[in-house]
Amino acid sequence: MKRLVLCCDGTWSIPDQMDGNAPCPTNVTKFALGVANRDKNGVEQRVFYHRGIGTGRWGRIRGGAFCAGLSRDVQDVYRFIVENYQPGDELYFVGFSRGAFTARSTAGFVRKAGVLRRRFVDLIGVSYDFYRNRSDITKPSSIEAGFFRRSYSHDEAPIHCIAVWDTVGALGIPLNGMRWVNLFNRRYQFHDTELSSKVKFAFHALAIDEKRGPFTPTLWTQQPNAVEQTLKQVWFAGTHSDVGGGYRNATLADVCLMWMVEQVTSAGLEFLLDAFPKTAPPNAPEPVILADPKPLGPLHESRTWPWWRLLPASPRTLGEKDPGHEAVAKAAIDRLNWDPKQLDGSEKLDKKYEPGNQRKYLASKHSVIETVCGPPQVGPPAGPPSRSTGAPRE
0 MKRLVLCCDG TWSIPDQMDG NAPCPTNVTK FALGVANRDK NGVEQRVFYH RGIGTGRWGR
60 IRGGAFCAGL SRDVQDVYRF IVENYQPGDE LYFVGFSRGA FTARSTAGFV RKAGVLRRRF
120 VDLIGVSYDF YRNRSDITKP SSIEAGFFRR SYSHDEAPIH CIAVWDTVGA LGIPLNGMRW
180 VNLFNRRYQF HDTELSSKVK FAFHALAIDE KRGPFTPTLW TQQPNAVEQT LKQVWFAGTH
240 SDVGGGYRNA TLADVCLMWM VEQVTSAGLE FLLDAFPKTA PPNAPEPVIL ADPKPLGPLH
300 ESRTWPWWRL LPASPRTLGE KDPGHEAVAK AAIDRLNWDP KQLDGSEKLD KKYEPGNQRK
360 YLASKHSVIE TVCGPPQVGP PAGPPSRSTG APRE
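Going by our numbering, the final residue of the sequence shown carries number 393, and the count climbs one at a time with no gaps.
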């Protein structure tokens, strides 16, 4: 038995991205680098990192605006699973933004088609077409889907955990309302937004303060028969990348990172003892990825590019999708009680932090508060990393 940890990064994200001379990795990168190669009992934990779509020259345009290559990315992640999976292995899917879309879509792929036996690796394209078929007779529970899995796939491939930051189901295309774009969106929609009852653990961190309409979050709804499933969807202060990371000052994103590490640790994954240092150790031989969670850290404005300003702000609604499995992080509530001048980066704040959507949620009868703690670090100290990564694309 081993753990396969599939880490899918967001659009335009690469593991060594820089802002000037400072590294600004996303939470997916930090998470992937923090996973121990083996847990305390010697169980192997094999990490696959898939860089964000749109990371090449033209890819930044085609991938960022139109998600070119999304199907290829899902199949790339699935191929790694097929080539490495053995019955009894645990599957962990991790992602941010449209990387979260990739992670969730690949999990859906596994749920419907199973994990192909290695000798059928050449059928990945065929199995993906089967997965994309939306007819009732090819639902995961259908006779046809069961026959496909029995013919080509391992008997069982349960999905142990899905952990994502701010899934963008609409792909983030800033042109909603145009007919051809809506048709394009429908092509890439999830087959269903419900969480499969076969997933044991599911965790979703969401941004309270993101106001770009096309970045509408895609939350899960739990199926009635998922009685043994753990599902948490928690709202945090900040915009899209304040939750998923990627800014030079990522102290807000680090709050979300440490919450996610805590949750996934409870699901069985183990991290290096020194995986998330707040400061670099003296005489470190190479750049160190830091994690310094600060609930009062700077909150960034995501609507800075001119075309976003032309579109009306679209605040998110908390507790609307599945009130029984949504919560607000206590760290976000604590921020409400501070004067702007007491906040980190307060020179950029012109008023008290008081998002109306959070206030409305807290006043509702369904409101739940999630306490964010530090993760128990039980893995071995960091050593030379052993990682698999997606091939660079230009």
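Every residue, glycine too, gets a C-beta built ideally from N, C-alpha and C.
Of all C-beta pairs linking the stretch 293 to 304 to the stretch 67 to 76, fewer than three are shorter than 8 Å, placing the two stretches out of contact.
For a cut-off of 8 Å, the C-beta gap from residue 91 to residue 115 is around 19 Å, too long to register as a contact. For a cut-off of 8 Å, the C-beta gap from residue 86 to residue 143 is around 23 Å, too long to register as a contact. The Cβ atoms of residue 9 and residue 25 lie closer than 8 Å to each other. In this structure the stretch 128 to 135 does not touch the stretch 205 to 219; the number of beta carbon pairs closer than 8 Å is below three.
In the displayed model, residue 126 falls within a helix according to three-state DSSP. Around the Cβ of residue 319, a 10 Å sphere holds fewer than 16 other Cβ atoms; the residue is exposed. In this structure, residue 371 lies near residue 328, with their beta-carbon atoms less than 8 Å apart. In this structure residue 363 is exposed. Its beta-carbon is surrounded by fewer than 16 other beta-carbon atoms within 10 angstroms. In this chain, the beta strand (DSSP E) harbouring residue 234 covers 229 to 235. Boundaries cannot be given for residue 222, as no alpha helix (DSSP H) includes it and DSSP labels it neither H nor E. Here the alpha carbon of residue 233 sits roughly 28 Å from the alpha carbon of residue 36. For residue 255, the secondary structure class from DSSP, reduced to helix, strand or coil, is helix.
Exposure of residue 311 is indicated by the presence of fewer than 16 other C-beta atoms within 10 angstroms of its C-beta. Distance check between residue 247 and each of 224, 227, 291, 80 places 291 closest, using alpha-carbon atoms only. Residue 215 carries a coil assignment under DSSP once its states are collapsed to helix, strand and coil. Straight-line spacing of the CA atoms in residue 277 and residue 359 works out to 34 Å. About 11 Å separates the Cβ atoms of residue 160 and residue 102, ruling out a contact at the 8 Å cut-off.
In the three-state reduction of the DSSP assignment, residue 194 falls in the strand class.
Residue 299 sits in coil when the DSSP states are folded into three classes, being neither helix nor strand.
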